[in-house]
Amino acid sequence: MNLLGHDSLFQAEDTGKGKRIVGTYFCITVLLGAAEVLACRREITPDSMDYLDVARELSSGHWGAVWNGYWGTLISVLLAPIVRLKVSPSVDLLLAHSAGLIILIASFLAFTFFLDSLISSDYIQVATAPALSPWSLRLLGYALFLWTSVTMVGVSSIGPDLLVTLFVYLDAAILIRSKANPGCFIFALFGAVLGIGYWAKAIMFPVGLIFLGVSILQTRKWKLHVLSLAAFAILAAPLVLMLSLPRGRFTFGDSGLLNYSSFVSPGGRVINWHGEPAGSGVPKHPTRKIADHPPIYEFNGPIGGTYPPSYDPSYWNEGRKATIGVRVQLKTFMHHVPNVVELLFVSQPALIAVLVFLLLWNSTGILHALAANWELLAISMAIIGLYMLVHFEPRFVAAFVVLLWLSLFAALRSAEDNDSGRISGLASIGLALAVTLSVVSNVAKKFAHDCPQSALKDLQMAQQLDIPGGSKVAVVGAGNFSYWAYFADLRIVADIMAPDETEFWSLSEDRRQALYPAFRSTGAKWLIGQPPACLGSLSDTLWKRVGTTNYYLYALTP
Numbered sequence: 005m006n007l008l009g010h011d012s013l014f015q016a017e018d019t020g021k022g023k024r025i026v027g028t029y030f031c032i033t034v035l036l037g038a039a040e041v042l043a044c045r046r047e048i049t050p051d052s053m054d055y056l057d058v059a060r061e062l063s064s065g066h067w068g069a070v071w072n073g074y075w076g077t078l079i080s081v082l083l084a085p086i087v088r089l090k091v092s093p094s095v096d097l098l099l100a101h102s103a104g105l106i107i108l109i110a111s112f113l114a115f116t117f118f119l120d121s122l123i124s125s126d127y128i129q130v131a132t133a134p135a136l137s138p139w140s141l142r143l144l145g146y147a148l149f150l151w152t153s154v155t156m157v158g159v160s161s162i163g164p165d166l167l168v169t170l171f172v173y174l175d176a177a178i179l180i181r182s183k184a185n186p187g188c189f190i191f192a193l194f195g196a197v198l199g200i201g202y203w204a205k206a207i208m209f210p211v212g213l214i215f216l217g218v219s220i221l222q223t224r225k226w227k228l229h230v231l232s233l234a235a236f237a238i239l240a241a242p243l244v245l246m247l248s249l250p251r252g253r254f255t256f257g258d259s260g261l262l263n264y265s266s267f268v269s270p271g272g273r274v275i276n277w278h279g280e281p282a283g284s285g286v287p288k289h290p291t292r293k294i295a296d297h298p299p300i301y302e303f304n305g306p307i308g309g310t311y312p313p314s315y316d317p318s319y320w321n322e323g324r325k326a327t328i329g330v331r332v333q334l335k336t337f338m339h340h341v342p343n344v345v346e347l348l349f350v351s352q353p354a355l356i357a358v359l360v361f362l363l364l365w366n367s368t369g370i371l372h373a374l375a376a377n378w379e380l381l382a383i384s385m386a387i388i389g390l391y392m393l394v395h396f397e398p399r400f401v402a403a404f405v406v407l408l409w410l411s412l413f414a415a416l417r418s419a420e421d422n423d424s425g426r427i428s429g430l431a432s433i434g435l436a437l438a439v440t441l442s443v444v445s446n447v448a449k450k451f452a453h454d455c456p457q458s459a460l461k462d463l464q465m466a467q468q469l470d471i472p473g474g475s476k477v478a479v480v481g482a483g484n485f486s487y488w489a490y491f492a493d494l495r496i497v498a499d500i501m502a503p504d505e506t507e508f509w510s511l512s513e514d515r516r517q518a519l520y521p522a523f524r525s526t527g528a529k530w531l532i533g534q535p536p537a538c539l540g541s542l543s544d545t546l547w548k549r550v551g552t553t554n555y556y557l558y559a560l561t562p
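Take the sequence shown: its position 302, counting from 1, is numbered 306 in the numbering used here, and each next residue is one higher.
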């Protein structure tokens, strides 16, 4: 019996199957990824606009933009060469989405490295034979990768989440290999990959510490762990220092603090925060409130971006506090339980069905296998739980969902007989097919019904908006959803937020006229908004419709 518990003939056959599985799923992944990019080529979100804004700053040589206190800027560094091309907005957006396809391919290669590491490790070599053969586990793994990468995260999403999966798979692979072959190089590499991953997203700093903690418990060789910690610290330190020094306090990024304060306790919005609610802190340099009815906020400096309040919320929210209480924390955690149950047990019911089936068929050694190889399962549960404490979305935990399911399936044990192998093989084929078809169906729906965040109307607005690039404007409505401003290369310096825009449009002409000097004082040259009804029913004759769009423009200067 060889290392994997199979004879040499089966091992040779398994290698051939494995290569075919890798090749097949690589083609499927690229085709579905490219199809989603094409279907969602006009998609954009508020977060995406901020990442693109950072990329625009970097492409102009403003490297200080990389020290953003809220957004992980590694994805913006990768997007900067695309933004520098200065092509039309629609082509620029398509190229930005296409970068996601490149990241998907890189993530596929990282996942292949992880899966090779898993299959050749002790995870399928504990006591009795594994229920799933190496090729069955590989088939299941790639189906999970396809689902989580294309459906949960989305290739077309312009953001760091797909990039994060790449680093998680590399981290997991190196962790597995370090257990079997502890050495200086692999432990230094482990810390280095964790450190680079932190540049992709701030959450990867505590995630990195969790990986390091598990590594310490896994291998009791302290000198090697010092090497990992040193490599992690060396690569993370520049970002930590450049975020901490200007603020006079330690921080590895303020996204966690602001999200906790907003979503958990004491609550309140992040954009245009002015110290509400009570107990949320005292703002050190908030946006300026220049009118009360309706509220008008001005933010013409010192932060850049299309919409400065969301370009770097950590600056405008400096002084914000979070309050921690057992009751509110438990409430938040329980609020996310249905979402996690939906993700793990409902979104892909075939997973739980096949797992239970194989357990009932013949799998008595799973607890022993999990106890011997607990690391990936513990990391996955810890990270999912970490997000449940604050704010949970499936895209945040995509790679950890893969690690969780593969840990469980790899731990399944069975007797070494032809019937068990045949049954588990057929079950894995059916499961992989079901998961893969669900991804195909999801991409097909996007072609048929368009992506939910399509910015087609904003692209049309930017084309018909006759305003010079670089101009300052004010908006009535949600500034962070004003994608047309990014496409037209405009800078929003004041706004009436979405909850208050109805009040503005319901004012009499005289009262609206009284607000225009406030907008004018911000340096804005034009005021732009979408009235709820035809502007002709209002008496402001100076409001002009922008082409064939539903937007109207008011010139604040002659």
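No residue lacks a Cβ here, since even glycine has one placed at the ideal position from N, Cα and C.
| Check | Outcome |
| --- | --- |
| Rounded C-alpha distance that separates G425 from L347 | 29 Å |
| Own chain partners of V286 with C-beta closer than 8 Å, once the 5 adjacent residues on each side are dropped | G279 and G323 |
| First through last residue of the alpha helix (DSSP H) which encompasses P287 | Run containing P287: none; DSSP gives neither H nor E here. |
| C-beta contact flag for V550 and L463 at 8 Å | no |
| Inter-residue spacing [alpha-carbon to alpha-carbon] between Y173 and G68 | 30 Å |
| Cutoff 6 Å; reference V447; Cβ partners in own chain excluding five residues on either side | L36, A39 and E40 |
| Cβ pair count under 8 Å reaching 3, the stretch 100-120 against the stretch 226-240 | no |
| Three-pair Cβ contact test at 8 Å for the stretch 403-416 versus the stretch 142-159 | yes |
| Beta bridge counterpart(s) of R324 as assigned by DSSP | G285 |
| The beta strand (DSSP E) enclosing L557, as first and last residue numbers | Y556 to A559 |
| D175, buried or exposed, once every other Cβ within 10 Å from all chains shown has been counted against 16 | buried |
| Nearest-angstrom Cα separation, counted from G483 out to P299 | 14 Å |
| Bridge partner(s) assigned by DSSP for E47 | S458 |
| Exposure label - Y556; buried when at least 16 CB within 10 Å | buried |
| Under the three-state DSSP convention, the category L99 falls into | helix |
| Distance CB(D499)-CB(Y301) smaller than 8 Å | yes |
| Chain C within 8 Å of V87, Cβ atoms only | Chain labels in this structure do not include chain C; a single protein chain is all it has. |
| Assigned exposure category for R417 - 16 Cβ within 10 Å defines buried | buried |
| Three-state secondary structure (DSSP) of G9 | Residue confidence is low: G9 scores 36 on pLDDT, short of 50, so the model does not pin down where it sits. No coordinate-derived value is stated. |
| Nearest to L362 (by Cα), restricted to the options F117, A452, L412 and P270 | L412 |
| Coil, strand or helix - V590 by DSSP | An answer regarding residue 590 cannot be provided, because it is not within the stretch 5 to 562 covered by the chain. |
| Inter-residue spacing [alpha-carbon to alpha-carbon] between L213 and A452 | 43 Å |
| Exposed unless 16 or more other CB atoms sit within 10 angstroms - verdict on T552 | exposed |
| Local Cβ density within 10 Å of I123, reported as buried at 16 or more and exposed below that | buried |
| Residue ranges of each beta strand (DSSP E) within the stretch 442-487, 3 or longer | 476-480 |
| Length at least 4, wholly inside the stretch 377-424: the alpha helix (DSSP H) runs in chain order | 379-392 and 402-415 |
| Assumed close pair L546, A528 - CB separation to whole angstroms, cut-off 8 Å | The pair is not a contact, with the Cβ atoms about 15 Å apart (cut-off 8 Å). |
| V394 vs Y311 beta-carbon contact at 8 Å | no |
| Endpoints, beta strand (DSSP E) assigned at L531 | W530 to G533 |
| Classification of G65 by the beta-carbon crowding that lies within 10 angstroms, buried from 16 upward | exposed |
| CB contact flag (S269, G329, <8 Å) | yes |
| Given K288 as reference, the closest of M338, L221, K325 and V218 once Cα atoms are compared | K325 |
| Status (buried if at least 16 other CB within 10 Å, exposed otherwise) for M5 | Here the model assigns M5 a pLDDT of 31, short of 50, so the residue's position is not dependable and the matter cannot be decided. |
| Touching by the beta-carbon criterion (3+ pairs, under 8 Å), the stretch 80-91 and the stretch 45-63 | yes |
| C-alpha gap between V211 and G533, whole angstroms | 42 Å |
| Simplified DSSP state of A498, which is helix, strand or coil | strand |
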